[in-house]
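Count along the sequence shown starting at 1, add 924, and that's the number in this note's numbering. A short write-up of the structure that comes next.
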Amino acid sequence: MEKDLTELHTLIDAHFEKRKKEEEELLSLTDRIEKRRSDRAEQMKIRAEREKERQNKVNEDKARKEDEEAKKKADDDARKKMILSNLSFTGYKQTQTGPKRQTEREKKKKILNERRKELTIDHMREDALKEKAKELWERVHQLEAEKFELQYKATKQKYEVTVLRNRVTDHQKIPKGKKRGLRK
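As structure tokens, then:
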């Protein structure tokens, strides 16, 4: 019985020693994990600072380039104005009579601005909104019809142009000495 008791004590002691070693390993592992977390947090903080510095540098470079471009453009404009003012004294500049001619883009923009109407629906009631929606739908329908008609007219004109071109090329192929007409 004593032998069993001593064997039991040695097993218990071995178990507690093993458990103590495992607890020490667990503590050392948790310490390493905490150390890694703190190192990683520090590294992330450093990375964030570097990224912020890099972004600030990029923004500063961009702003500097924009300033340089604006300054260069202003210098070019000033130089052009000076050259144009010098040309007007030498008589090379023609005086413009009447308003400036509008380019096609400006004409298109002006027409679109005239067609476009401000849509104010904040203060409208439901029946007024329905009426406005109906008006807008009718306007869209009208514009779509105009678009269709213009597209049809354009395709018809393209066809007529190709027919006329073909007639011109056919006419040019005929020798000048022969007359066209019925053959007997």
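Backbone N, C-alpha and C fix where the C-beta goes; we use that ideal spot for every residue, glycine too.
(message) Whole angstroms are fine: how far does the CA of Gln-1066 sit from the CA of Gln-1075?
(response) Here the question's residue 1075 lines up with position 151 in the sequence shown. Here the question's residue 1066 lines up with position 142 in the sequence shown. A straight line joining the alpha-carbon of Gln-1075 with that of Gln-1066 spans about 14 Å.
(request) Alpha carbon to alpha carbon, how far is Asn-983 from Arg-971? Give it in angstroms, no decimals. (result) Here residue 971 refers to the residue found at position 47 of the sequence shown. Here residue 983 refers to the residue found at position 59 of the sequence shown. Cα-Cα distance, rounded: 18 Å.
(message) So, at 8 Å on beta carbons, what are the nonlocal neighbours of Lys-1034 in its own chain, with the 5 sequence-adjacent residues on each side left out?
(response) By 1-based counting over the sequence shown, the position of residue 1034 is 110. Closer than 8 Å at the Cβ level, and outside the excluded window around Lys-1034, lie Gln-1026.
(message) Along the chain, where does the alpha helix (DSSP H) containing Lys-1058 start, and where does it finish?
(response) Sequence index remark: in the sequence shown, residue 1058 carries index 134 (1-based). Counting along the chain, the alpha helix (DSSP H) containing Lys-1058 begins and ends at 1050-1097.
(message) Rounded to the nearest angstrom, what separates Glu-1042 and Val-1064 at their Cα positions?
(response) For the purposes of this step, residue 1042 is identified with residue 118 of the sequence shown, where counting begins at 1. For the purposes of this step, residue 1064 is identified with residue 140 of the sequence shown, where counting begins at 1. Straight-line Cα distance between these residues: approximately 15 Å.
(message) Rounded to whole angstroms, what is the Cα-Cα separation between Arg-960 and Glu-973?
(response) Stepping through the sequence shown from its first residue, residue 960 is reached at position 36. Stepping through the sequence shown from its first residue, residue 973 is reached at position 49. Roughly 20 Å between the two C-alpha positions.
(message) In the DSSP assignment, the alpha helix (DSSP H) including Leu-1036 goes from what residue to what residue?
(response) Position 112 of the sequence shown, counting from 1, holds the residue named residue 1036. In this chain, the alpha helix (DSSP H) harbouring Leu-1036 covers 1028-1039.
(request) Write down the C-beta distance between Ile-1045 and Lys-1056 rounded to the nearest angstrom, noting that I regard them as a contact closer than 8 Å. (result) What you label residue 1045 is simply residue 121 of the sequence shown in a count that begins at 1. What you label residue 1056 is simply residue 132 of the sequence shown in a count that begins at 1. With a Cβ gap of about 6 Å, Ile-1045 and Lys-1056 count as contacting.
(request) Below 8 Å CB to CB, which residues in the same chain sit around Asp-1001 once its five sequence neighbours on both sides are set aside? (result) Translated into the one-based positions of the sequence shown, residue 1001 becomes position 77. Listed in chain order, the non-local C-beta contacts of Asp-1001 below 8 Å within the same chain number zero, local neighbours out to five positions each way being set aside.
(message) Taking the straight line between their C-alpha atoms, what separation do you get for Val-1092 and Thr-1079?
(response) For the purposes of this step, residue 1092 is identified with residue 168 of the sequence shown, where counting begins at 1. For the purposes of this step, residue 1079 is identified with residue 155 of the sequence shown, where counting begins at 1. Each residue's alpha carbon lies about 20 Å from the other.
(message) Within a Cβ cutoff of 7 Å, which residues of the same chain sit near Lys-875, ignoring the five residues on either side of it in sequence?
(response) Outside the shown range of the chain, which is 925 to 1108, sits residue 875, and nothing can be said about it.
(request) Please state whether DSSP places Leu-1043 in a helix, a strand or coil. (result) Numbered from its first residue, the sequence shown carries residue 1043 at position 119. Of the three classes helix, strand and coil, the one that applies to Leu-1043 here is coil, per DSSP.
(request) Kindly indicate which three-state DSSP category Lys-1100 falls into: helix, strand or coil? (result) Counting from one through the sequence shown, the residue named residue 1100 turns up at place 176. In the structure shown, Lys-1100 falls within a coil segment according to DSSP collapsed to helix, strand and coil.
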